[in-house]
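Chemist: The structure follows.
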Amino acid sequence: MYTRLQSASGYACLRCQWRLVNQRGSVRQIHARQALCFIKVPHTSRRALHTTTEVCCNATKRQPQTDLLQRLQLSSRPAITPPPLNPLLLPGPENVSIRRHLEKWQDQYGGPTEEALSGFQNHPVHGDIQNSLSKLSSTFKADEDEKPNEWADADEDESGDLITIGLFLKPGDIVELSQPGREPVLAVFVQQVENESQFFSMNGRWTHSMLSKVSFAIPGCIDPSLVLPLVPFLPTSTDKSKADAKSEIQVPRELAVPVTATLEDMTKEAETIYRDNASVLDTAYDTLAEEEQTKIMTLTQIASRLLGRDDPAWVPSTAALLAVRKALNHNEFRFRSDSRSHRLTNSFAIRPKTDVELAETVHEWIREYREYLALGANQSHNAQDTPINGASYIIKFLEKARRLIFASRRHREPNTGGVGPWNGPLTHNEASSTEIEFTKTDQKIIKFVQAWALTGQFSGMSGLHAACASLVLATECYGPGVIHDAGTPHEALSSIKPATGFLFLQEIGVLLPYENRAIYDEHLMLPTVRATENVESTRPNPDFRDSMAPRREWGSTFIFCIDEASAHEIDDGVSIERIEDTDSEFWIHVHVANPTAFFDKNHPLSGRAAHMIQTVYTPEKFFPMLPEWVNKEHFSLESNRPVITFSSRIDLTGTVLERKIQHGIIENVLRITYSEVAKLLDDESTSKSQRLVVGGEVPSCGPSELPDVSDSQLEDLRDLYTAAMALWEARKLAGAVRFSTGNTSVRVWENSTKEKDGIALELPSVEHARVISGDPIIQLTNTIPQGFIQPDIGPKNIVEEMMLLACQTAGVWCAERHIPVMYRGTIKPPSDEELSAQELQQLIQLNYEKHGEVPLDLATRFQKALGRAITHFSPLPHHIIGAPAYVKVTSPLRRYSDMIAHWQIEAALRYEAQSGMKFDATAIASTSRNVLPFSQEEMRDLIVTISPREKIISMAQRDSVNFWTTQAFLRAFKYKQAPLPDTFRFFVQTIKEGRGASGQLSEYRLKAFTTEDSDMQEGEEWDVILDRIDLFSRSVFVRPVSRRSFSTL
1 MYTRLQSASG YACLRCQWRL VNQRGSVRQI HARQALCFIK VPHTSRRALH
51 TTTEVCCNAT KRQPQTDLLQ RLQLSSRPAI TPPPLNPLLL PGPENVSIRR
101 HLEKWQDQYG GPTEEALSGF QNHPVHGDIQ NSLSKLSSTF KADEDEKPNE
151 WADADEDESG DLITIGLFLK PGDIVELSQP GREPVLAVFV QQVENESQFF
201 SMNGRWTHSM LSKVSFAIPG CIDPSLVLPL VPFLPTSTDK SKADAKSEIQ
251 VPRELAVPVT ATLEDMTKEA ETIYRDNASV LDTAYDTLAE EEQTKIMTLT
301 QIASRLLGRD DPAWVPSTAA LLAVRKALNH NEFRFRSDSR SHRLTNSFAI
351 RPKTDVELAE TVHEWIREYR EYLALGANQS HNAQDTPING ASYIIKFLEK
401 ARRLIFASRR HREPNTGGVG PWNGPLTHNE ASSTEIEFTK TDQKIIKFVQ
451 AWALTGQFSG MSGLHAACAS LVLATECYGP GVIHDAGTPH EALSSIKPAT
501 GFLFLQEIGV LLPYENRAIY DEHLMLPTVR ATENVESTRP NPDFRDSMAP
551 RREWGSTFIF CIDEASAHEI DDGVSIERIE DTDSEFWIHV HVANPTAFFD
601 KNHPLSGRAA HMIQTVYTPE KFFPMLPEWV NKEHFSLESN RPVITFSSRI
651 DLTGTVLERK IQHGIIENVL RITYSEVAKL LDDESTSKSQ RLVVGGEVPS
701 CGPSELPDVS DSQLEDLRDL YTAAMALWEA RKLAGAVRFS TGNTSVRVWE
751 NSTKEKDGIA LELPSVEHAR VISGDPIIQL TNTIPQGFIQ PDIGPKNIVE
801 EMMLLACQTA GVWCAERHIP VMYRGTIKPP SDEELSAQEL QQLIQLNYEK
851 HGEVPLDLAT RFQKALGRAI THFSPLPHHI IGAPAYVKVT SPLRRYSDMI
901 AHWQIEAALR YEAQSGMKFD ATAIASTSRN VLPFSQEEMR DLIVTISPRE
951 KIISMAQRDS VNFWTTQAFL RAFKYKQAPL PDTFRFFVQT IKEGRGASGQ
1001 LSEYRLKAFT TEDSDMQEGE EWDVILDRID LFSRSVFVRP VSRRSFSTL
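If you use the UniProt record's numbering, the sequence shown closes out at 1049, no skipped numbers anywhere.
In structure tokens form, the structure reads like this:
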């Protein structure tokens, strides 16, 4: 702020004052500016001072001594560059206000600096703005590191618009941006900038955010034509050094007002609705919650219940939804949403009242305990008051916990995020109870800590987190020096976090020493957290009735069920039928288990399947979608079981000539494994792999004998292999790519006496402390890929090709009849990748031929260039597998989406059998007859619900493999139970300035971090050594050794 300038008689004009100041040295400049008002010069009229600079300059010339002195002083100093011209110090024309004068000066001279413009490539100063809506680009999976995306050329009709599913944002969509400790702010989506979404908020500022952090969006609220004028004044880079939201470049007010006014009006309307209905909204939990069961409701359902009074004709406005969201956000623990999918589903889990009461009760006890300690600090020991009930419960629990922790550390060392292996006498992992039991109040405290450290229910809730952290801290067992890990500051390990709480629960005997917390994610809704639909009552009399009778009898047809020996259910098999009078064509039949023909979508078993979505497999346990008795006693494939068969007539080029779907009964079933098929077909090829085993010898099952196969069955297998190779060649011509990226598999045994792998499910022990002696045997097998792209297939790929063929047949069959199902396909968003997918593929091949391996950054670029797989209710091509349409139908015992497809297909088949006409869903939709179980709108809703759940399950299965991998690494690295490689390959994904790098161990796809600053660059691969293992985060910390020598050609 400049000092107020005097203009009274006897003082120099503004220009002369500025010149005199600039003649002084840089050291004295600050003082000169502060004393600017006190520079005395000979008296000059006020008019002269403000109309000309010559009077002042001439006045100084009449003082030769002063002038000489000044010239001598100037000659003795180095020349300095005068500072930029200050508009405040320029004389203004007469009869023009200072404000108007400054506005004119700003228009003429006040453009932004080159530095400020570096992040604004579309700014009008550059003069190359394109006034086109193509500037506004939709988001495409920004949270998955996609490139900028533009949809200007997309065909966006109402029925085929991919964006309408809700996976994307479009210009004009309104979102809620969360702010820690503040109310959310409304903003409009403008465009995609690099990997982040760009928004313009209600307060007139732009911001960038990952799409995954946007929890709520309202499509189509603002006309994109109002958003378009903002683009030239918004940054084109996410680099904060180039673009700062508080910089001098802002959207002009006249352009921003139409957008901000809309956002403000919507906010005010929502506030009005909230005030008018405060009594209802503030008591929403009491109205909606159940006593002991979690209740799932969408935002629209909640709004209809609270504001619409369950009126079926009432439709909530956007402002009404915002008002209801505000009420729910004020009760975050009571109304919980999954941030990974909430933007798509808008669903809330309403916690049962018993859970909320428990959390509030224990939270109050901890508060009372802290108050008791605070009062005791100001009193003598003898005068200290007796603790009240809540504090006494905490005190007694802490005393018990200390004894248990002390006992645990005799045989298990505490580590980061979990305990180490047992070092006492071995008794084959037997669980024994100590003499310590947990009281009712102890159990409440334990469940409170579990909600924090095991199931993650307190995420983002600072008050509940602080309560849990203070409780664990009060044990005085987790201070500095407790955990000894090389290369890690004690401060990082001694800070109380959920990982510390998890370790605490293990040490007091509540959790298993090798507990996999991935299966306790409350959004998985597994039996570990939330009871599944009780369907046991239907077992004695399931009342199954075949809706697809009569069925074809497959009789003596050989049906091969090819799967691993450890498969829990068999839901598909393949057979081949030769066509008379030709040796160049076959019928390929894929026979699939058929539960949907025996119960509809409203059956209790369907309710359980909808709850689970799909079977969840982890190395230690599997959680079936349908009860095991349903699969084993009724539908898993074996002799005299019902099937739905997807048949395709193909020639030797892999071209599909005819397709049909039929229902039948199979009789002649042969179960066989992949390796047995390879041996029968004389395939001696083996994959390179490396194996790590900790905990003892892997139980031996003895050598297995090849099944007794007849000559005709062996001929069928050969023909199936021939057909599979032809199908693969046809898919390659259609652009399909088969990746060979290696695989990490984990098997776990309770001990060496158990031949069957897996561990019995043991839920947390909240009634008594539990001691587990011994640890599981872990076998980690890492398959080393032979090249990045697999050009050919072997006998082990027969089933894969046949299943893909069946899914293509189902997709094309449904597409021809316009049946809405969950079609899987790919889209190729525009990107800034300079090379095409074909060129990248050639580059990959050249690198592999020269170096024997492919740089991971090049592999990642190629995978992105192929497009992204999505799900839609209308058919779309799947370019990665080379299919014109694709619907998953081969695993109805394991995937709910397959059951949905079967229900739709069977309804169409029944219609065709009864009417004698080909089914057409579009024609049927124009009538009042409901033929299909699911309409297009219902299918759209199912996709939005199921797709995020499938992703969550996939993440849980991956996290489970990573957990057991880190368990094996810890026991091999720190406790020397097995040798490890000297170095590992580390792929650098992100550089965090001053905090090292993050990435993954390439061979194991395991999260890895460096804590040292180095000259690493994103996309590089380094050789690293292990530093420490974090069991809680399922990751490793490494130290760099050297950059790998080869580079992209």
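Even glycine gets a Cβ: it sits at the ideal position worked out from N, Cα and C.
If you draw a straight line from the alpha carbon of LEU398 to that of THR475, how long is it in whole angstroms?
Modeler: On the sequence shown, position 398 is the one that residue 398 refers to. On the sequence shown, position 475 is the one that residue 475 refers to. Straight-line Cα distance between these residues: approximately 6 Å.
Chemist: Kindly indicate which three-state DSSP category THR673 falls into: helix, strand or coil?
Modeler: By one-based count along the sequence shown, residue 673 stands at place 673. In this structure, THR673 counts as coil in the three-state DSSP scheme.
Chemist: Can you have a look at ASP442 and say buried or exposed, based on whether 16 or more other CB atoms are within 10 angstroms of its CB?
Modeler: As a position in the sequence shown, residue 442 is number 442, starting the count at 1. Result: buried.
Chemist: Which whole runs of the beta strand (DSSP E) in the stretch 333 to 389 are 3 residues long or more, in chain order?
Modeler: Segments of the beta strand (DSSP E) lying fully in the stretch 333 to 389: 347 to 350.
Chemist: Which stretch, first to last residue, makes up the alpha helix (DSSP H) that contains VAL324?
Modeler: The residue labelled residue 324 in the question sits at position 324 within the sequence shown. Note, VAL324: alpha helix (DSSP H), 318 to 329.
Chemist: Counting pairs of beta carbons, one from the stretch 788 to 802 and one from the stretch 755 to 764, are three or more of them closer than 8 Å?
Modeler: No, the stretch 788 to 802 is not in contact with the stretch 755 to 764.
Chemist: In chain order, which beta strand (DSSP E) runs of at least 3 residues are fully inside the stretch 265 to 315?
Modeler: Counting only runs of 3 or more, we get 295 to 298.
Chemist: Is the distance from the Cβ of TRP903 to the Cβ of THR500 below 7 Å?
Modeler: Taking the first residue of the sequence shown as position 1, residue 903 is located at position 903. Taking the first residue of the sequence shown as position 1, residue 500 is located at position 500. No. Outside cutoff.
Chemist: I believe ALA997 touches THR1010 by the beta-carbon criterion, under 8 Å. Please report the beta-carbon distance rounded to the nearest angstrom.
Modeler: By 1-based counting over the sequence shown, the position of residue 997 is 997. By 1-based counting over the sequence shown, the position of residue 1010 is 1010. So it is a contact: roughly 5 Å between Cβ atoms.
Chemist: Can at least three beta-carbon pairs, one atom from the stretch 666 to 673 and one from the stretch 681 to 695, be found at a separation below 8 Å?
Modeler: Verdict: no, contact absent.
Chemist: Ignore the nearest five residues each way along the sequence and tell me which others in ALA467's own chain have a CB closer than 6 Å to its CB.
Modeler: If you number the sequence shown from 1, residue 467 lands on position 467. Answer for ALA467: HIS363 and ILE366, listed in chain order.
Chemist: So, at 6 Å on beta carbons, what are the nonlocal neighbours of LEU1031 in its own chain, with the 5 sequence-adjacent residues on each side left out?
Modeler: For the purposes of this step, residue 1031 is identified with residue 1031 of the sequence shown, where counting begins at 1. Contacts found: GLY417, GLY418 and THR966.
Chemist: Using a Cβ distance threshold of 8 Å, determine whether the stretch 592 to 607 contacts the stretch 637 to 646, with at least three qualifying pairs required.
Modeler: Touching, yes, given that three or more Cβ pairs across the two stretches are closer than 8 Å.
Chemist: Could you check the C-alpha separation between LYS864 and GLY172 for me, to the nearest Å?
Modeler: Walking along the sequence shown from the start, residue 864 turns up at place 864. Walking along the sequence shown from the start, residue 172 turns up at place 172. Taking the straight line joining both Cα atoms gives about 27 Å.
Chemist: Can you grab the Cα-Cα spacing for the pair LEU322 / ALA270, in whole Å?
Modeler: Against the sequence shown, residue 322 aligns to sequence position 322. Against the sequence shown, residue 270 aligns to sequence position 270. If I take the Cα positions, the gap works out to 6 Å.
Chemist: For ALA815, name the three-state secondary structure that DSSP assigns.
Modeler: Sequence index remark: in the sequence shown, residue 815 carries index 815 (1-based). If DSSP states are grouped into helix, strand and coil, ALA815 belongs with the helices.
Chemist: The alpha helix (DSSP H) that contains LEU1006, what's its start and end?
Modeler: Position 1006 of the sequence shown, counted from the start, is the residue given in the question as residue 1006. Counting along the chain, LEU1006 falls outside any alpha helix (DSSP H), though it belongs to the beta strand (DSSP E) covering 1006 to 1010.
Chemist: How would you call THR528, buried or exposed, if buried means at least 16 neighbouring beta carbons within 10 angstroms?
Modeler: Taking the sequence shown and counting its residues from 1, the one referred to as residue 528 is at position 528. Burial call: buried.
Chemist: Using only alpha-carbon positions, find the residue among ASP239, MET202 and THR207 that is nearest to VAL259.
Modeler: Looking up residue 259 in the sequence shown gives position 259. Measuring from the Cα of VAL259, the nearest candidate turns out to be MET202.
Chemist: Examine the Cβ distances between the stretch 802 to 822 and the stretch 900 to 915 and report whether three or more of them are shorter than 8 Å.
Modeler: The stretch 802 to 822 vs the stretch 900 to 915: in contact.
Chemist: Kindly indicate which residue of SER225, LEU980, TYR886 and ASP708 has the alpha-carbon position closest to the one of LYS170.
Modeler: Numbered from its first residue, the sequence shown carries residue 170 at position 170. Among SER225, LEU980, TYR886 and ASP708, the Cα nearest to that of LYS170 belongs to SER225.
Chemist: Grab me the residues of PHE369's own chain with a C-beta within less than 6 Å of its C-beta, minus the 5 sequence neighbours each way, in chain order.
Modeler: Numbered from 1 along the sequence shown, position 369 holds the residue referred to as residue 369. Here the sequence assigns Tyr to residue 369, which means Phe is not the residue at that position. Closer than 6 Å at Cβ, skipping near neighbours: ALA391 and ILE394.
Chemist: Measuring alpha carbon to alpha carbon, tell me which residue in SER1033, ALA327 and LYS974 is nearest GLN1025.
Modeler: Locating residue 1025 in the sequence shown gives position 1025, where the first residue counts as 1. Inspection of the sequence shows that residue 1025 is occupied by Ile rather than by Gln. Comparing Cα positions, the closest option is LYS974.
Chemist: Apart from the five residues just before and just after VAL1041, which ones in its own chain have a Cβ nearer than 8 Å to its Cβ?
Modeler: Taking the sequence shown and counting its residues from 1, the one referred to as residue 1041 is at position 1041. Correct list, in chain order: THR983, TRP1022, ASP1023, VAL1024 and ILE1025.
Chemist: Could you spell out where the beta strand (DSSP E) holding GLY999 opens and where it closes?
Modeler: Working through the sequence shown from its first residue, we reach residue 999 at position 999. Segment 997 to 1001, the beta strand (DSSP E) holding GLY999.
Chemist: Can you give me the Cβ contacts of VAL737 inside the same chain, cut-off strictly under 7 Å, excluding the 5 residues immediately before and after it?
Modeler: Along the sequence shown, read from residue 1 onward, the residue named residue 737 stands at position 737. ILE789, LEU866 and ILE880.
Chemist: Using a C-beta cutoff of 7 Å, does LEU1026 count as contacting chain C?
Modeler: Considering every chain present, this structure includes no chain C. It has just one protein chain.
Chemist: Report the rounded CA-to-CA distance for MET822 versus GLU906, giving the unit in angstroms.
Modeler: Translated into positions along the sequence shown, residue 822 becomes position 822. Translated into positions along the sequence shown, residue 906 becomes position 906. Rounded to the nearest angstrom, the two C-alpha atoms are 15 Å apart.
Chemist: Check whether the Cβ atoms of PRO235 and PHE120 lie closer than 7 Å to each other.
Modeler: Locating residue 235 in the sequence shown gives position 235, where the first residue counts as 1. Locating residue 120 in the sequence shown gives position 120, where the first residue counts as 1. Yes, Cβ-Cβ distance for PRO235 and PHE120 is below 7 Å.
Chemist: Cutting at 6 Å between CB atoms, please list the residues of its own chain near ALA243, excluding the five before and the five after it.
Modeler: In the sequence shown, the residue the question calls residue 243 occupies position 243. So the qualifying residues of the chain are GLY119, PRO235 and SER237.
Chemist: Can you say whether GLN842 is buried or exposed, counting buried as having 16 or more other CB atoms within 10 angstroms of its CB?
Modeler: Residue mapping note: residue 842 aligns to position 842 of the sequence shown, counting from 1. By the neighbour-count rule (16 or more Cβ atoms within 10 Å), GLN842 is not buried but exposed.
Chemist: Assuming contact is defined by CB atoms lying nearer than 7 Å, are GLN779 and VAL854 in contact in what I supplied?
Modeler: As a position in the sequence shown, residue 779 is number 779, starting the count at 1. As a position in the sequence shown, residue 854 is number 854, starting the count at 1. In this structure, VAL854 does not lie closer than 7 Å to GLN779 by Cβ.
Chemist: Output the boundary residues of the alpha helix (DSSP H) element that contains ASP941.
Modeler: The residue you call residue 941 lines up with position 941 of the sequence shown. From DSSP, the alpha helix (DSSP H) with ASP941 extends over 936 to 973.
Chemist: Tell me which residues share the same chain as LEU858 and place their Cβ nearer than 8 Å to its Cβ, disregarding the 5 neighbours each side in the sequence.
Modeler: For the purposes of this step, residue 858 is taken as the residue at position 858 of the sequence shown. Counting only Cβ-Cβ distances below 8 Å, and skipping sequence neighbours, we find LEU840, LEU843, ILE844, ASN847 and THR1048.
Chemist: Could you check where the alpha helix (DSSP H) with GLY463 kicks off and where it finishes?
Modeler: Counting from one through the sequence shown, the residue named residue 463 turns up at place 463. Where GLY463 is concerned, the enclosing alpha helix (DSSP H) stretches over 462 to 473.
Chemist: Which same chain residues end up closer than 6 Å to ILE1029 when comparing Cβ atoms and leaving out the 5 residues on each side of it in sequence?
Modeler: Counted from its first residue, the sequence shown places residue 1029 at position 1029. Closer than 6 Å at the Cβ level, and outside the excluded window around ILE1029, lie THR966, PHE969, LEU970 and VAL1036.
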